[in-house]
Amino acid sequence: MATTSTAPAPLLHSTVLDWYEAHARDLPWRTPDASPWAVMVSEFMLQQTPVKRVLPVYEAWLERWPTPADLAADAPGEAVRMWGRLGYPRRALRLHGAATAITATHGGEVPDDHAALLALPGVGEYTAAAVASFAFRQRHVVLDTNVRRVFARAVTGVEYPAQATTAAERRTATTLLPETAETAATWAVGVMELGALVCTARSPECGACPLKRHCAWQLAGRPPYEGPARRGQTYEGTDRQVRGKLLAVLREAHGEVPQARLDEVWPEPVQRARALDGLVADGLVEPVAQGVYRLPR
DNA sequence: AAGACGTGGAA
DNA sequence: TTTCCAAGTCT
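Just so we're on the same page, the numbering used here is the position in the first sequence counted from 1, plus 13.
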């Protein structure tokens, strides 16, 4: 089953590559001196988190832990504390776990092999491909939310991609991937950047898009999204909110925290206890003694 | 395979 | 004010 036909791949390639060269943001993890570790740190932090909020934490993180071994030598709780308010603090724990694994089994060097990357905690399909592509200039399909949206529009002609990645999307991305590794790597980050800056979720700037004459969605008159409602998760009153409040107390208090301090953040005792138990189960919080907690050592 | 998992800024 | 969304991963 063919999708809407598009311009020949080489034309799309040069169109995106030229646009990227002219419009790419200067981000620290894209500079030539950014190490594979720096790229990996940025990828962990950028999971579900905007660039602007990542930047200051990224800088502080790499200054403190310039190599995986530096991080591995420190307590996981320090990683959680340094993570600050980036959100999804399990990522900090997993990044510490990845650093530990890299130090223990890869000689302290971030592996350049996709499978080895995928085996690290916190590294899924996207992050493995991103690190292999961006840090090691390999040829991989890099499918993140930006790329999926650009392809949904430009190739398939719909405003938004499906909720979960489909085989058809992988096929499209594979077909469009340039043959040469170096070109493929720049293409990957270029399509991502296009999705981040122009082909955005809310209000795309189609007038400024280099693909406007090729884009199936544009050519179809930008029909509105028709699929099932994309559920927005409520946050107020959830365990996630309580976990966030509890962990904020632990982060800001250097050292041990008595139960009473934690009890102040949420009035409902059952949910509060459940949230704290969850944090302990996740390894984000460590019970020291009866009614005393701290970040993990 | 649907749901859990933080946080804050923009519309 | 409410809703949506931001370079996902794990179970």
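Beta carbons are placed, not taken as given, at the ideal position from N, Cα and C, and that holds for glycine.
_Inter-residue Cα distance where the pair is V270 and R98_ = 19 angstroms
_Extent of the continuous alpha helix (DSSP H) run through V163_ = 158–164
*Going by Cα to Cα distance, which pick from L232, T113, L68, P79 is closest to P345?*
Past the edges of the chain, shown from 14 to 310, lies residue 345, and the structure says nothing about it.
*Alpha-carbon to alpha-carbon, Q246 and E277*: Their backbone Cα atoms lie some 26 angstroms apart in a straight line.
*Mark D46 as exposed unless 16 or more other C-beta atoms lie within 10 angstroms of its C-beta, in which case mark it buried.*
exposed
_Residue range of the alpha helix (DSSP H) that includes A198_ = 194–210
*Can you give, in chain order, each stretch of the alpha helix (DSSP H) that sits fully within the stretch 101–147 and has at least 4 residues?*
103–118, 127–131, 138–147
*Where does S146 land, buried or exposed, given buried means 16+ other C-beta within 10 angstroms?*
buried
*asked:* Whether or not the stretch 28–37 and the stretch 223–237 are in contact is what I'm after, with contact meaning three or more pairs of Cβ atoms, one per stretch, closer than 8 angstroms; do they touch?
replied: yes
*Run the CB neighbour count on T251, radius 10 Å, all protein chains shown included, and call it buried at 16 or more, exposed below.*
exposed
*Return the residue from the list P41, R307, P191 that minimises the CA-CA distance to R150.*
P191
_Contact belief for R162 with G208 at Cβ below 8 angstroms, rounded distance in angstroms_ = 5 angstroms
*Find the nearest neighbour of W50 within the set L259, T62, A148, G120, judged by alpha-carbon distance.*
A148
_Can you tell me whether Y306 is helix, strand or coil according to DSSP?_
strand
*Is P236 buried or exposed, if buried means 16 or more other CB atoms sit within 10 Å of its CB?*
exposed
*For G135 versus R94, is the C-beta distance shorter than 8 angstroms?*
no
*So, helix, strand or coil for V270, using DSSP?*
strand
_Opposing strand residues paired with P300 [DSSP bridges]_ = Y306
*Assigned secondary structure, V154 (DSSP; H/G/I helix, E/B strand, else coil)*: Taken through DSSP and simplified to helix, strand or coil, V154 comes out as coil.
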